[in-house]
Structures are given as C-alpha cells and as structure tokens.
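J.: Take a look at the following structure, please.
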Amino acid sequence: LRINGPSHHLIECNQLINNEYVMIRQASDCCMYFCLCAQQIDEEVSKLLQLKAQLGGDEDKHTFVLKTAKGTRDYNPKQMAIREKVFDTIIRCFKRHGAETIDTPVFELKETLTGKYGEDSKLIYDLKDQGGELLSLRYDLTVPFARYLAMNKITNIKRYHIAKVYRRDNPAMTRGRYREFYQCDFDIAGQYDPMIPDAECLKIVHEILSELDLGDFRIKVNDRRILDGMFEVCGVPDDKFRTICSTVDKLDKMSWEDVKNEMVNEKGLASEVADQIGEYVSMQGGKDMAEKLLQDPKLSQSKQACAGLADMKLLFSYLELFNVTDKVVFDLSLARGLDYYTGVICEAVLTQTTSAPATQERNGPAGEEGVSVGSVAGGGRYDGLVGMFDLKGRKVPCIGVSIGIERVFSIMEQKAEAQAEKIRTTETQVLVASAQKNLLEERLKLTAELWDAGIKAEVLYKKNPKLLSQLQHCEETGIPLVAILGEQEIKDGVVKLRTVATREEVDVSRAELVEEVKKRCQQL
C-alpha cells in the first residue's frame with residue numbers, strides 16, 4: 326500500500342488497518358464461537374432425546390391418573406337425589422318466608438373481597454386474567470350480595486341464594502368440608518325495628534333442621550357488641566379485638582387450654598387477661614343469662630355490651646313467640662371469625678349424646694350437654710358491609726344465615742347407608758311396555774301421548790324387549806306403574822295398567838289412561 330503525503334497520515338493509515346484486522350479477527354472468533362455453541366446444543370439435545378427414550382419411550386409408563394382436584398368431588402345419581410331433596414326442603418322454607426332469589430358471578434374483582442374476611446382472607450382463591458383485571462373466586466355469598474345492593478342502590482330486600490363458593494382450605498371430606506361447596510343463604514336487608522328480622526332468621530334455621538330430621542341440634546347465639554365489650558373490660562388492646570375474636574372462634578374445635586395458649590404465646594395477650602376471657606366464654610344460658618350479665622360489675626361498664634345484652638333479651642322474647650327457644654342457647658364462646666359481623670351472630674350445630682373426648686372438652690356446661698359433630702348453619706348481622714361499597718358510605722342494615730349444605734349431605738348419605746334406604750334416582754311414573762313382538766311403534770306413540778299429558782314416562786330402547794326384562798327394569802329403578810300393550814289390548818282400545826309393588830293388573834281405556842296414572846301416583 327503506497328501513501329503519498331505527510332508522515333502523520335501514514336500513522337493514521339496503519340492504525341486504521343490494525344483496527345480493521347482486529348474487527349475481522351473478532352468476527353471470525355464469533356463465527357467459530359457460534360459454530361461451537363450450535364454443535365454443543367445439538368450434542369446436548371441428542372443426549373436429552375436419548376434419556377427421554379430410556380425413561381419415557383414406553384408411553385404406557387406415563388399413564389395419566391384420572392381424579393378430581395383436591396377438595397372437590399363428583400356426585401353420582403343417588404347422591405344427587407339426596408341433594409335435590411335437601412335443596413327442595415330449603416327452598417320451600419325460604420319461599421314460605423317470602424324470599425326472592427338472585428344470582429351473582431362466581432368470581433369477583435379481587436378488591437371487592439379484600440379486607441372483608443379478616444384472617445380467613447388467606448383462604449381466597451385468586452385468578453389470573455389476561456385482560457389485566459385481578460379476580461378472585463367468591464369466598465361466600467354475603468360479600469357479593471352486599472356489593473350487589475350497593476351497586477344497584479337497593480335499600481331493602483328479602484332474598485335467598487344457593488350457589489357454589491370456594492375456599493383454599495385443608496379439606497376434611499369425610500366430615501363434609503371441601504374447597505368447592507354449596508351455600509344456601511337467606512338474608513334480610515333494610516331498616517327495621519330491632520331483632521324482628523334476626524328472630525325470623527333463627528326461626529328459619531330451626532324449621533330447616535327440623536324438616537331435614539338430621540338429629541338433635543342447638544342454635545348458639547351471641548352478639549359482636551357483647552364480645553367486644555367483654556374484650557374491652559377484660560383488658561384486650563383495641564388493635565387485638567379481631568385477632569383474639571378469631572382465636573375464641575376456635576373453641577368449638579380446640580380445648581380452652583389450647584385457645585389460651587394461642588392467645589398468650591402467638592397473639593401476645595397477657596395471661597391474666599386470657600383468664601378473664603375464659604371465665605366469660607364458659608357461660609351459656611338464655612334470656613335469664615342476658616339479664617344476669619346486665620348486672621355484671623365489669624361487663625355493665627361497657628356501653629356496647631349493655632346494648633348487645635338488651636337486644637339479646639328482646640331477641641329471646643321474639644323467639645318465645647316463634648316457639649324455638651327450646652333449641653336456642655345464648656353462648657358467650659360463639660365468636661364467628663369474619664370481620665364484617667356487627668351485631669347478633671348465630672351458629673347451629675348437631676349434637677350427639679356420647680361423652681366428649683378429652684381433647685374436645687372445655688370448661689363449663691358445654692362439655693356436659695353432648696359433643697358437637699359439626700356446624701351446619703351460621704350467620705349474623707352485618708350492618709356496615711354494604712357501606713364499604715358505597716361511595717358515600719351509606720349503610721344498609723342486613724342480617725342473614727347460611728346453611729352448610731355439604732355437611733348436611735354427608736350426614737344424610739350416612740343415614741341412608743346405615744338404614745339401607747333405597748333411593749330413587751328418577752321420577753318416572755310409568756314404563757310403557759309390550760307383551761309381544763313388533764309393537765315398537767305402538768309403544769312410542771303411547772309414550773308420546775303420556776309425555777304430552779305431563780306424565781313422566783319411559784320406554785326401553787329395544788324393538789322387541791322381553792316383558793320380564795321390562796318388569797325387572799321397573800323393580801330396579803323404582804318405577805311404580807307399567808302400561809302394557811299387546812295385540813288384543815290395541816284392538817280393544819285399552820292398556821293393561823300394572824302396579825309393580827302388588828303385581829295387580831287392570832284394563833284401562835286409552836282415553837282414561839292419563840287420569841288413572843295421575844290418580845294412582847297420588848295414592849302411592
């Protein structure tokens with residue numbers, strides 16, 4: 326390379342050549358590097374494919390296990406028959422008390438549910454949405470109901486709602502505790518005179534549990550104002566009211582010693598304060614206990630406790646008019662951990678007469694009356710919840726109860742098994758059968774006539790079924806009547822109507838068959 330000109334130009338030219346040389350070397354090294362990388366990647370992929378062939382070459386070794394998700398279950402036809410019977414009983418009761426029904430989405434905006442459940446908030450299922458909204462599956466039906474009232478500016482309604490809710494809890498499926506389960510809610514919203522709606526809600530729980538015939542039960546009642554007043558006079562700091570309330574709520578599952586240990590060692594409460602709480606939460610009674618506590622030297626110093634006790638006396642006077650005081654008990658240990666309760670709270674438990682295990686006993690009369698085998702209903706007053714969703718904070722007083730339907734299902738299933746009870750899974754009233762061959766068209770025509778008349782009828786899906794097979798089908802499924810067609814019956818314009826249980830047969834004219842089937846079904 327020949328360069329004419331000053332020497333400094335020659336130096337600059339040499340530097341330029343050197344820079345170009347370095348760049349060419351770097352590019353060359355880079356190409357070699359990528360070639361090596363690609364080669365190494367190919368080798369590693371080959372090794373992984375060989376390993377996969379060794380481990381998973383046989384597809385049968387990786388059989389997918391079919392099962393339901395943890396805390397959920399399927400329901401077979403017999404279980405669904407029990408469920409429908411329970412739902413019918415509950416809905417009839419709700420309608421008898423003048424309720425109308427609504428429905429809300431199965432998931433809500435996360436902020437709708439946040440901060441409404443206290444320590445139970447950790448049990449809420451959160452969802453991811455591609456649109457950017459933060460969503461959660463509903464934890465109960467109460468908060469969505471409050472949101473519905475606020476959003477639609479409704480100030481009074483008596484409503485029921487039966488739907489599934491979801492909780493990220495540790496399931497105990499043998500005891501009717503699941504992660505997906507139904508709740509049956511009844512709520513009264515509106516400004517009314519004290520304790521009248523509250524008494525009706527307790528009456529509804531009493532009616533439902535009595536009609537379902539689940540066994541002996543108790544309905545425990547308390548008041549959040551009494552609880553807060555009790556905490557106040559015992560010396561619980563204001564900022565610990567809700568967390569101590571959640572601990573007291575565990576008394577139906579834990580001994581007093583364990584509850585006290587949690588209060589002192591985990592929640593930081595002074596031991597002497599816990600002991601004072603222990604004296605109160607062992608108390609149970611009725612209207613007379615409310616009167617007695619109004620004279621209590623410590624509790625009478627709390628205005629909110631006195632207000633709660635006065636309302637408790639009024640509540641029991643209404644319950645006497647409703648004839649349900651035999652099953653209702655004023656229980657100071659009842660806390661219900663949800664943050665939104667503001668007044669009366671209640672919980673219904675089934676009881677058994679066997680003695681309590683040592684781990685379940687607790688001080689006071691509760692241990693002597695029988696062992697609680699599980700809460701089957703609960704609820705309370707939540708006067709401030711709707712106001713949380715209203716921009717101006719306008720409150721709509723509300724009181725409601727919820728039936729724990731899964732626990733009820735479990736108990737009724739166990740009862741049916743123990744009594745070897747035969748449960749019908751269909752409501753078919755009559756089977757259309759034939760005694761001879763080649764009568765499929767006649768059977769289908771008669772079946773259609775019965776359907777059109779509102780009769781629940783079936784026909785076997787075979788051209789020439791044996792009469793014995795058709796009768797056996799009725800016995801197995803509980804169908805009470807058989808309408809039998811034969812060539813002679815068709816000529817005479819009659820149908821042979823057979824009662825399966827008695828095997829009695831009678832000829833009925835085709836024109837009178839519908840009325841005869843209806844009459845016999847009413848008699849069965």
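My numbering puts the first residue of the sequence shown at 326, with every later residue one more than the last.
All residues carry an ideal CB built from backbone N, CA and C; glycine is no exception.
Let me know the secondary structure DSSP gives Ala630 once reduced to three states.
T.: Reduced to three states, the DSSP call for Ala630 is helix.
J.: Among all the DSSP beta bridges, which residues are the ones paired with Ala660?
T.: Answer is none; Ala660 lacks a bridge partner.
J.: Going by the DSSP bridge assignment, what does Gly705 pair with across the sheet?
T.: In the DSSP output, where bridge partners are listed per residue, Gly705 has Ile670 and Gly725.
J.: Give the secondary structure of Leu838 by DSSP, where H, G and I count as helix, E and B as strand, and everything else as coil.
T.: In this structure, Leu838 counts as helix in the three-state DSSP scheme.
J.: What's the gap between the Cα of Ala475 and the Cα of Gly712?
T.: Between Ala475 and Gly712, the C-alpha separation is close to 7 Å.
J.: Excluding five sequence neighbours on each side, which residues of the same chain lie with their C-beta closer than 7 Å to the C-beta of Thr572?
T.: Result list for Thr572: Val584, Glu587, Met588 and Lys592, in chain order.
J.: If the criterion is Cβ atoms closer than 8 Å, does the pair Arg504 and Tyr491 meet it?
T.: The answer is yes: Cβ separation under 8 Å.
J.: Quick check: the segment 559-569 against the segment 735-753, are there 3 or more CB pairs under 8 Å?
T.: Result no; under three Cβ-Cβ pairs closer than 8 Å.
J.: Look at the alpha carbon of Lys638 and the alpha carbon of Val390, and state the distance between them as a whole number of angstroms.
T.: Between Lys638 and Val390, the C-alpha separation is close to 57 Å.
J.: What is the DSSP secondary structure of Lys575, reduced to helix, strand or coil?
T.: If DSSP states are grouped into helix, strand and coil, Lys575 belongs with the helices.
J.: Where do the ends of the alpha helix (DSSP H) carrying Lys617 lie?
T.: Start and end: Lys612 to Leu619.
J.: Grab the span of the alpha helix (DSSP H) containing Glu587 for me, first residue to last.
T.: Looking at the DSSP string, Glu587 is not in any alpha helix (DSSP H), and its letter there is neither H nor E.
J.: Do you know how far the Cα of Leu796 is from the Cα of Ala759?
T.: According to the sequence as given, residue 759 is Ser; it is not Ala. Their backbone Cα atoms lie some 10 Å apart in a straight line.
J.: With a CB to CB cut of under 7 Å and the five nearest residues on each side skipped, what residues in its chain are close to Pro496?
T.: Once the five neighbours on either side are set aside, the close Cβ partners of Pro496 are Lys395, Gly396, Arg502, Tyr503 and Arg504.
J.: Any chance you could list the beta strand (DSSP E) runs of at least 3 consecutive residues sitting entirely within the segment 410-481, in chain order?
T.: The qualifying runs are 432-434 and 460-462.
J.: DSSP on Arg567, reduced to helix/strand/coil?
T.: It is helical.
J.: Residue range of the beta strand (DSSP E) that Arg823 falls in?
T.: First-last of the beta strand (DSSP E) with Arg823: Val819 to Thr824.
J.: Any idea which residues DSSP pairs Lys545 with across the strands?
T.: Val654 and Glu672.
J.: In the DSSP assignment, find the unbroken alpha helix (DSSP H) run with Glu752 in it and report its ends.
T.: It is not in any alpha helix (DSSP H) - Glu752 carries neither H nor E in the DSSP assignment.
J.: Here's the rule: buried if 16 or more other CB atoms are within 10 angstroms of the residue's CB, otherwise exposed. What is Arg547?
T.: Note on residue identity: the sequence assigns Asn, not Arg, to residue 547. Counting Cβ neighbours within 10 Å, Asn547 comes out buried, since at least 16 surround it.
J.: Measuring alpha carbon to alpha carbon, tell me which residue in Leu534, Lys565 and Ile482 is nearest Lys673.
T.: Sequence inspection shows Ala at residue 673; the Lys mentioned does not correspond to that position. Per the Cα distances, Leu534.
J.: Are the CB atoms of Met555 and Tyr473 nearer to each other than 8 Å?
T.: Not a contact, by the Cβ cut-off of 8 Å.
J.: Is Phe389 helix, strand or coil by DSSP?
T.: Three-state DSSP puts Phe389 in coil, outside helix and strand.
J.: Quick one: what's Tyr485 bridged to in DSSP?
T.: In DSSP, Tyr485 forms a bridge with Thr426 and Phe511.
J.: Short check: CB of Val825 to CB of Ile809, under 8 Å?
T.: Cβ distance not < 8 Å, so Val825 and Ile809 don't count as in contact.
J.: Would you decide whether Gly456 is buried or exposed? Buried here means 16 or more other CB atoms lie within 10 Å of its CB.
T.: Exposed: under 16 other Cβ atoms inside 10 Å.
J.: Quick one: what's got a C-beta closer than 7 Å to Lys781's C-beta in the same chain, skipping five residues either side?
T.: Once the five neighbours on either side are set aside, the close Cβ partners of Lys781 are Glu752, Thr753 and Gln754.
J.: Consult DSSP for Leu769 and reduce its assignment to one of helix, strand or coil.
T.: It is helical.
J.: Classify Trp776: buried if its beta carbon has 16 or more other beta carbons within 10 angstroms, exposed otherwise.
T.: Exposed, by the Cβ-count rule.
J.: Out of Lys717, Val842 and Leu462, which has the shortest C-alpha to C-alpha gap to Ala778?
T.: That would be Val842, whose Cα lies nearest to the Cα of Ala778.
J.: For the beta strand (DSSP E) containing Leu806, name the first residue and the last one.
T.: Run containing Leu806: Leu806 to Leu810, per the beta strand (DSSP E) assignment.
J.: Rounding to the nearest angstrom, what Cα-Cα distance links Val411 and Leu537 in this structure?
T.: Cα to Cα, Val411 sits roughly 7 Å from Leu537.
J.: On the criterion of 16 or more Cβ atoms from any shown chain inside 10 Å, does Leu849 qualify as buried, or is it exposed?
T.: That one is exposed.
J.: Taking Ala524 as part of the alpha helix (DSSP H), name the residues at either end of that continuous run.
T.: Unbroken alpha helix (DSSP H) run through Ala524: Ile521 to Leu537.
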